[in-house]
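First to last, the sequence lines map onto chains A and B.
End of the first sequence = 212 in the UniProt record's numbering, gap-free, step of one.
End of the second sequence = 212 in the UniProt record's numbering, gap-free, step of one.
2 protein chains.
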Amino acid sequence: MTEQDPATPPRRARRVDARRNEQRLLDAAATVFATSGVDAPIRTIAAEAGVGLGTIYRHFPTRTELVVAVYGHQVEACVDVGQRLLAEAASATSAASPFDALLVWVDRFVDFVITKHGLADALGSDDAGFQRLHAYFLDRLVPVCAELLAAAERSGQITPGVDAYELMRGIGNLCVGHETDARYDPRHMIGLLVRGLRVSGTGSPAPSSANP
Amino acid sequence: MTEQDPATPPRRARRVDARRNEQRLLDAAATVFATSGVDAPIRTIAAEAGVGLGTIYRHFPTRTELVVAVYGHQVEACVDVGQRLLAEAASATSAASPFDALLVWVDRFVDFVITKHGLADALGSDDAGFQRLHAYFLDRLVPVCAELLAAAERSGQITPGVDAYELMRGIGNLCVGHETDARYDPRHMIGLLVRGLRVSGTGSPAPSSANP
DNA sequence: GACAATCCGGAACGCGGTTCCGTATCGTTT
DNA sequence: AAACGATACGGAACCGCGTTCCGGATTGTC
Chain A
1 MTEQDPATPP RRARRVDARR NEQRLLDAAA TVFATSGVDA PIRTIAAEAG VGLGTIYRHF
61 PTRTELVVAV YGHQVEACVD VGQRLLAEAA SATSAASPFD ALLVWVDRFV DFVITKHGLA
121 DALGSDDAGF QRLHAYFLDR LVPVCAELLA AAERSGQITP GVDAYELMRG IGNLCVGHET
181 DARYDPRHMI GLLVRGLRVS GTGSPAPSSA NP
Chain B
1 MTEQDPATPP RRARRVDARR NEQRLLDAAA TVFATSGVDA PIRTIAAEAG VGLGTIYRHF
61 PTRTELVVAV YGHQVEACVD VGQRLLAEAA SATSAASPFD ALLVWVDRFV DFVITKHGLA
121 DALGSDDAGF QRLHAYFLDR LVPVCAELLA AAERSGQITP GVDAYELMRG IGNLCVGHET
181 DARYDPRHMI GLLVRGLRVS GTGSPAPSSA NP
């Protein structure tokens, strides 16, 4: 009942020291990432966790997997927020339009990216490992974004044909440099970008949609 | 007459081998940058130029200076294009609006960034050296962008208060990843961003400005 | 308690940036 | 033209970081 695949004979359970070290690594990584960003040297994380280099590579063969393990639940939270916003905007009694929902959600996403040192840079990096990190985050987030876009599109608030993937990627890119450049505030440009989504030529929401 | 500052006794002219090597390095860097991007290993450039590592570091102590030396004239060309567009848009007989001028100029700028492998990434990097590269490009380009923005603003085409520096930086950021991600086309998002500049609520240019 | 599966630690290798200095080359002076 | 500083060159060497690998310790099972 609690077994795995029939083709996977559950030879033995994971050893306790393995589980212990994995937890230590997660804690250490969270600490180090918050302090020095996701580009911190592997050795630093290993030292913080009090384990050897081999250990960290065995548990998390790529930096990506470690980042995902550390931030994964926050990504899921972001997904949840998006779905809640979607439901709210769809409800007949809601005052918030789908476009408003999109605005709020984008803001949440930016919060997430901005509070993680170097995450935006990492996502934008052309390093193969980070491409997978990128892929993971986007696989979860793009569908939500796509739904929000579709809803706003249906209500005639935004110009159709905008690709959710590109939008997410663009927003992530715009976050680059927020902490090394006092003159640059990502939210300004993201605000402009989102404004650019709106249908052009009309100041009012939608002609055909129901509006109180 | 052809001397320098009085406080600078022209001790001796630069040696011919120094000048020769500098030229070789510029040629080699241009080749290597075009092939492998601006992040190519220093050793590669030195090898391509047929010089030692010491030589490249003597002529260009930082990678930034080498990049500037290689691409500097293209930056100047971009400045010139901007000023020409500005003059055209200001001319009474011109059909192009200041906003059109801005559009064209941004497109040129994107051309420049995109055709240089990894330039966008470099500009977005939080590395100290690249911050200066960034600073150099922006010192030249931001004033032009600011003038274009101001002109479009005066004609009532765009929302006021947009900072040229942030816009340039944002556009540069949006270019990141164009060559490692087939699904991402920077121009789509840049188009959206620029659309976001337009005054909201009105589909027509300006109420008070002179319009043919 | 013994045995094998599992896991650990850290030495070791490769790569790239950067520094440093013995040597070669150049321009000038005599 | 020969000698002599000034200048520039080359590349060995060092450091930091990512990654691999394996001898040995630890754990679960019999």
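Each residue gets a CB set at the ideal place from its N, CA and C atoms; glycine is no exception.
Bear in mind the structure is a predicted one, so any value in this text is a computation, not a measurement.
Taking the Cα positions, Gln157 (chain B) is about 28 Å away from Val176 (chain A). When DSSP assignments are scanned along the region 82 to 107 of chain A, no uninterrupted stretch of alpha helix (DSSP H) that is 4 or more residues long falls wholly within it. His59 (chain A) is outside the set of residues whose beta carbon lies under 7 Å from a beta carbon in chain B. CA-CA distance, Leu103 (chain A) to Val110 (chain A), rounds to 11 Å. Put simply, of A:Asp181, A:Val162, A:Leu119, A:Val194 the residue whose alpha carbon is nearest the alpha carbon of Asp185 (chain B) is A:Val162.
Of all residues in the region 184 to 198 of chain B, only Tyr184, Asp185, Pro186, His188, Met189, Ile190, Gly191, Leu192, Leu193, Val194, Arg195, Gly196, Leu197, Arg198 come within less than 9 Å of chain A when Cβ atoms are compared, listed by chain position. Judged by their CB atoms, Asn21 (chain A) and Thr55 (chain A) are nearer to each other than the 7 Å cut-off. In this structure, the alpha-carbon of Leu192 (chain B) lies about 8 Å from that of Arg195 (chain A).
Here Tyr57 (chain B) is exposed, its C-beta having fewer than 16 other C-beta atoms within 10 Å.
Per DSSP, the beta-bridge partners of Arg198 (chain B) are B:Ile158. Taking CB atoms only, Arg169 (chain B) has a neighbour in chain A less than 7 Å away.
Annotation for Leu26 (chain A): Ala69, Val70 place their beta carbon closer than 7 Å to its own, counting only its chain and skipping 5 residues before and after.
Look at Gly124 (chain B): its C-beta is under 7 Å from a C-beta on chain A. Within the region 102 to 132 of chain A, Gly118, Asp121, Gly124, Ser125, Asp126, Gln131 place their CB atoms closer than 8 Å to a CB of chain B, listed in sequence order. When Cβ-Cβ separations below 7 Å define contact, Gly177 (chain B) makes contact with chain A. Taking the C-beta atoms as reference points, Gly37 (chain B) is found no nearer than 7 Å to Met189 (chain A). Residues of the region 150 to 168 of chain A whose Cβ lies closer than 8 Å to any Cβ of chain B, in chain order: Val162, Asp163, Tyr165, Glu166, Leu167.
A direct Cα-to-Cα measurement between Ala120 (chain B) and Leu86 (chain B) gives close to 25 Å. Taking a cut-off of 8 Å on C-beta distances, the region 130 to 144 of chain B does not touch the region 91 to 107 of chain A, as fewer than three cross pairs fall below it. Identification of residues in the region 20 to 32 of chain A having a C-beta nearer than 9 Å to some C-beta of chain B yields an empty set.
Note that the C-beta distance between Ala47 (chain A) and Arg24 (chain A) is not below 7 Å.
For Phe130 (chain B), the closest C-alpha among the options B:Ala89, B:Gly72, B:Val67 is that of B:Val67. In the DSSP assignment, Glu179 (chain A) falls outside any alpha helix (DSSP H) and carries neither an H nor an E.
Rounded to the nearest angstrom, the gap between the Cα atoms of Asp181 (chain B) and Arg12 (chain B) is 52 Å.
In the three-state DSSP reduction, Arg12 (chain B) falls in the coil class, being neither helix nor strand.
Short of 7 Å from the beta carbon of Asn173 (chain B), and not among the five residues preceding or following it, lie these beta carbons of its own chain, in chain order: Gly124. Taking 7 Å as the cut-off, the beta carbon of Ala164 (chain B) is found closer than this to the beta carbon of Leu149 (chain B).
Its chain contains Ile45, Leu66, Val70 as the residues whose beta carbon lies nearer than 6 Å to that of Ala29 (chain A), once the 5 sequence neighbours on both sides are disregarded; these appear in chain order.
Residue state for Gly52 (chain B) is assigned as coil, using DSSP reduced to three classes. With 16 or more other Cβ atoms from the protein chains shown falling within 10 Å of its own Cβ, Pro98 (chain B) counts as buried. Apart from sequence neighbours up to five positions away, the residues of its chain that approach His117 (chain B) with a beta-carbon distance below 6 Å are Gly37, ordered along the chain. Residue contact with chain B for Leu174 (chain A): present (Cβ-Cβ distance below 7 Å to some residue of chain B).
Within chain B, no residue has its beta carbon less than 9 Å from that of Thr64 (chain A); the closest one is some 15 Å off. Collapsing the DSSP output to three states places Pro186 (chain A) in a helix. Counting the other CB atoms within 10 Å of its CB gives Glu147 (chain B) a total of 16 or more, which places it among the buried residues.
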